[in-house]
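Below: the structure, in structure tokens.
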Amino acid sequence: MLKVTGLCAGYGPVPVLDGVSIDVGTGTAMAVLGANGMGKTTLMRALMGFLAVTSGKIVLDGLDVTDQPPQERARAGFGYMPQGQGVFLRMTVRDQLRYAMVAKGRAAGNLSDILDRFPVLPPLLDRTGDALSGGERQLVALACCLSTRPGTLLLDEPTEGLQPSYVDQILELLTMLKRHDSLTILLAEQNLEFATALCDQVSIMRKGAIAATAPVAAIRDASTDVDLLLAGEL
Amino acid sequence: MDHALVVGLHLLHAMASLALVCIGLAVIFGMLRVINFAHGEFLMVGGYAFVLAAGAGLNLWVAMLVVAPAVVGALGFLVERFIIRHLRGDIIATILATWGLSLFLIGLAATVLGYHQQGVAPPFGTIQIGSYSIGNYTFFVIAVAVLTIVALFAWLRWSRAGLLVRGAMQNPELAAALGADTRRLRSSTFVLGSALSGLAGAVLAPLAGVLPEIGATYVVKAFITVISGGATALTGTTLAAALFGFTSQAAAFLSRPVVGEVALLIVAIVLLRLLPTGITGRYFRKAL
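So the sequences go chain by chain: A and B. Under my numbering, the first residue of the first sequence is numbered 13, with each subsequent residue one higher. Under my numbering, the first residue of the second sequence is numbered 6, with each subsequent residue one higher.
This is how it looks when you write it as structure tokens:
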């Protein structure tokens with residue numbers, strides 16, 4: 013379970029997040045939707061510990077991680093898939109997956125577990141990160157993120173640059189993990205269709221604050237309003 | 006034939022010596038991107054640790070292969086913990102701080118140990134190749150350089166710690182997001198690079214001797230070699246050391262040692278003009 017209360021953070025003297033509060037229950041998913049520049053990525057980076065929090069609280073599964081460094085948050089259960097370049101460019105995909113398995117100090121598991129979930133990966137195992145396409149990098153980043161066996165996933169626009177068939181595969185996989193492994197998911201997205209298909213709740217982010225939160229069913233019924241909210245016109 | 010064999014051995018020795026001088030910097034600057042201007046003094050401290058320990062009656066090999074790396078590794082731990090870590094990657098501050106450290110170590114060595122050269126006679130005696138006599142220690146230096154490089158390759162390629170270090174050096178933020186303790190990895194990598202510099206300083210001490218300012222003769226060549234090696238630090242440094250060591254020694258044979266030094270610089274300038282990102286910026290990109 014992820015509970016964020018009154019989170020404020022920014023880049024140096026420039027404030028970006030303005031009192032964000034979020035509550036994501038175990039085994040549920042929340043999407044944070046918003047246009048570019050509204051603070052979605054900043055929220056993800058602040059939750060993961062890459063930006064200093066000026067006020068507010070982040071509680072993960074009952075543990076206050078607000079002052080913890082990123083690796084401690086990862087060890088507490090966060091899995092973070094950053095936007096764009098979430099891979100090591102000069103390391104083979106095989107080593108990246110091994111890395112994700114052992115980074116928290118655990119014994120290396122069997123690669124076949126993760127490869128079964130990502131059928132596109134086996135032919136890519138000996139390629140380095142810089143030899144992958146944008147979409148392949150997204151998939152490798154997600155596979156690495158899941159290989160750390162997180163309890164709560166922070167996904168920053170995971171479908172960006174992905175072909176539709178890969179988007180469907182990811183949707184199916186994440187839905188399965190949410191249901192069967194009680195994975196908690198916080199998703200920053202602009203792809204409304206993907207977000208509403210995966211998530212139970214949707215929040216609209218505008219100017220660093222949560223402007224509205226609603227169950228996904230309500231959003232599906234009022235897609236016009238969501239479009240306007242995303243465009244910052246409501 | 007004998008002449009060719011002796012020339013070949015000298016060329017190999019020059020390549021191995023340069024690789025040894027550079028290997029610690031390949032780890033500290035090539036991998037961690039820490040500009041350690043005190044690298045030459047790390048070698049100097051390694052040399053003194055060996056000479057003093059051996060002079061105090063300790064077994065020669067323990068003094069060289071254990072004491073010197075341990076002393077400089079400990080020095081590296083303190084430098085990383087109390088200086089480098091607090092500079093948070095600020096390049097100018099790091100240059101100034103390590104330059105200051107370099108001057109401090111030179112001054113300290115001169116004050117405590119004096120300005121005269123100290124050394125240990127190269128062990129193993131000599132071997133006769135035709136009418137030429139060559140020190141057996143030459144073979145030892147080549148062997149240590151090869152073994153050190155191979156061990157470092159193996160560690161980076163196959164060990165779990167090596168894998169974690171590689172990721173933390175390439176993309177610290179991603180490594181931390183996956184749960185790796187990047188601060189500890191940086192610290193232990195700095196200690197490893199320091200210990201390797203200490204080993205190099207000790208291994209070269211019987212040939213070059215030790216004096217407080219000997220670091221200056223190492224540091225420029227080391228930086229030129231590691232920079233010419235490019236982004237893939239270990240492979241790049243090994244290849245650049247082989248190229249520069251060969252060129253420098255060959256030119257020295259054909260003319261005199263100072264011409265060898267000039268040849269090294271000319272080759273480095275031409276190489277960086279043709280390959281601005283170093284050897285591994287274009288070739289061997291998958292290497293370590």
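We put the beta carbon where it would ideally sit given N, CA and C, even for glycine. Since we're looking at a predicted model, the values are computed, not measured.
Contacts around residue i, its chain only, beta-carbon distance under 6 Å, and the 5 residues preceding and following it disregarded
{"i": "Ala230 (chain A)", "result": "none"}
{"i": "Cys157 (chain A)", "result": "Gly91 and Met93"}
{"i": "Arg287 (chain B)", "result": "Leu280"}
{"i": "Gly135 (chain B)", "result": "Asp7"}
{"i": "Lys69 (chain A)", "result": "Thr17 and Thr78"}
{"i": "Gly250 (chain B)", "result": "Ala19, Met20 and Leu23"}
Per-residue burial, residue i [other beta carbons within 10 Å of its own, 16 or more giving buried]
{"i": "Leu246 (chain A)", "result": "With a pLDDT of 44 at Leu246 (chain A), under the threshold of 50, the modelled position of that residue is not reliable, and the figure given next carries that caveat. By the neighbour-count rule (16 or more Cβ atoms within 10 Å), Leu246 (chain A) is not buried but exposed."}
{"i": "Pro162 (chain A)", "result": "buried"}
{"i": "Gln122 (chain B)", "result": "exposed"}
{"i": "Ala126 (chain B)", "result": "exposed"}
{"i": "Lys190 (chain A)", "result": "buried"}
{"i": "Lys226 (chain B)", "result": "buried"}
{"i": "Phe34 (chain B)", "result": "buried"}
{"i": "Asp76 (chain A)", "result": "exposed"}
{"i": "Phe55 (chain B)", "result": "buried"}
{"i": "Met56 (chain A)", "result": "buried"}
{"i": "Ala273 (chain B)", "result": "buried"}
{"i": "Ser233 (chain B)", "result": "buried"}
{"i": "Ala9 (chain B)", "result": "exposed"}
{"i": "Met113 (chain A)", "result": "buried"}
{"i": "Met69 (chain B)", "result": "buried"}
{"i": "Ser249 (chain A)", "result": "The shown model of chain A, from 13 to 246, leaves out residue 249 (chain A), and the question about it has no answer."}
{"i": "Leu248 (chain B)", "result": "buried"}
{"i": "Tyr120 (chain B)", "result": "exposed"}
{"i": "Glu205 (chain A)", "result": "exposed"}
{"i": "Ile96 (chain B)", "result": "exposed"}
{"i": "Tyr23 (chain A)", "result": "exposed"}
{"i": "Ala184 (chain A)", "result": "As written in the sequence, residue 184 (chain A) is Glu, which differs from the Ala given in the question. Exposed, since its Cβ has fewer than 16 Cβ neighbours within 10 Å."}
Beta-bridge partners of residue i, as assigned by DSSP
{"i": "Gly22 (chain A)", "result": "A:Pro27"}
{"i": "Pro227 (chain A)", "result": "A:Gln213"}
{"i": "Tyr76 (chain A)", "result": "At residue 76 (chain A) the sequence reads Asp, which differs from the Tyr that was named. BP columns for Asp76 (chain A) point to A:Val71."}
{"i": "Asp35 (chain A)", "result": "A:Lys15"}
{"i": "Ser138 (chain B)", "result": "B:Gln133"}
{"i": "Gly91 (chain A)", "result": "A:Leu165"}
{"i": "Arg218 (chain A)", "result": "A:Ala221"}
Cutoff 7 Å; reference residue i; Cβ partners in own chain excluding five residues on either side
{"i": "Asp138 (chain A)", "result": "Thr104 and Arg106"}
{"i": "Ile132 (chain B)", "result": "Ile139 and Asn141"}
{"i": "Gly265 (chain B)", "result": "Ser253, Gln254, Ala256 and Ala257"}
{"i": "Ser67 (chain A)", "result": "Gly18 and Cys20"}
{"i": "Met36 (chain B)", "result": "Met174, Thr194 and Ala238"}
{"i": "Thr236 (chain A)", "result": "Here Thr236 (chain A) scores only 48 on pLDDT, less than 50, and its place in the model is too uncertain to base an answer on."}
{"i": "Thr54 (chain A)", "result": "Ala21, Val28, Leu29 and Leu63"}
{"i": "Gly46 (chain A)", "result": "Lys52, Ile216, Met217, Arg218 and Leu242"}
{"i": "Thr187 (chain B)", "result": "Ala173, Pro177, Ala180 and Ala181"}
{"i": "Thr61 (chain A)", "result": "Looking at the sequence shown, residue 61 (chain A) is not Thr but Gly. Here the set comprises Gln80, Pro81, Pro82 and Arg85."}
Where residue i falls: helix, strand or coil (DSSP)
{"i": "Ser253 (chain B)", "result": "helix"}
{"i": "Thr205 (chain A)", "result": "Residue identity differs from the one stated: residue 205 (chain A) is Glu in this sequence, not Thr. Here Glu205 (chain A) sits in helix by DSSP."}
{"i": "Val125 (chain B)", "result": "coil"}
{"i": "Asp95 (chain B)", "result": "coil"}
{"i": "Val151 (chain B)", "result": "helix"}
{"i": "Thr143 (chain B)", "result": "helix"}
{"i": "Phe100 (chain A)", "result": "coil"}
{"i": "Gln83 (chain A)", "result": "helix"}
{"i": "Leu45 (chain A)", "result": "strand"}
{"i": "Thr66 (chain A)", "result": "strand"}
{"i": "Leu246 (chain A)", "result": "Bear in mind that the predicted position of Leu246 (chain A) carries a pLDDT of just 44, short of 50, making it too unreliable to give a figure here."}
{"i": "Val215 (chain B)", "result": "strand"}
{"i": "Ile232 (chain B)", "result": "helix"}
{"i": "Met49 (chain B)", "result": "helix"}
{"i": "Arg171 (chain B)", "result": "helix"}
{"i": "Arg287 (chain B)", "result": "helix"}
{"i": "Ala43 (chain B)", "result": "coil"}
{"i": "Ala120 (chain A)", "result": "coil"}
{"i": "Leu293 (chain B)", "result": "coil"}
{"i": "Leu57 (chain B)", "result": "helix"}
{"i": "Ser260 (chain B)", "result": "coil"}
{"i": "Val275 (chain B)", "result": "helix"}
Any chain E beta carbon closer than 7 Å to residue i
{"i": "Val114 (chain A)", "result": "Absent from the structure: chain E. Protein chains present are A and B."}
Neighbourhood of residue i by C-beta distance below 8 Å, restricted to the same chain and skipping five residues each side
{"i": "Leu65 (chain B)", "result": "Ala59, Val125 and Pro128"}
Which runs of the beta strand (DSSP E) at least 3 residues long sit entirely within the region 138 to 200 of chain A? Give them in chain order.
Here the runs fully enclosed are 164 to 168.
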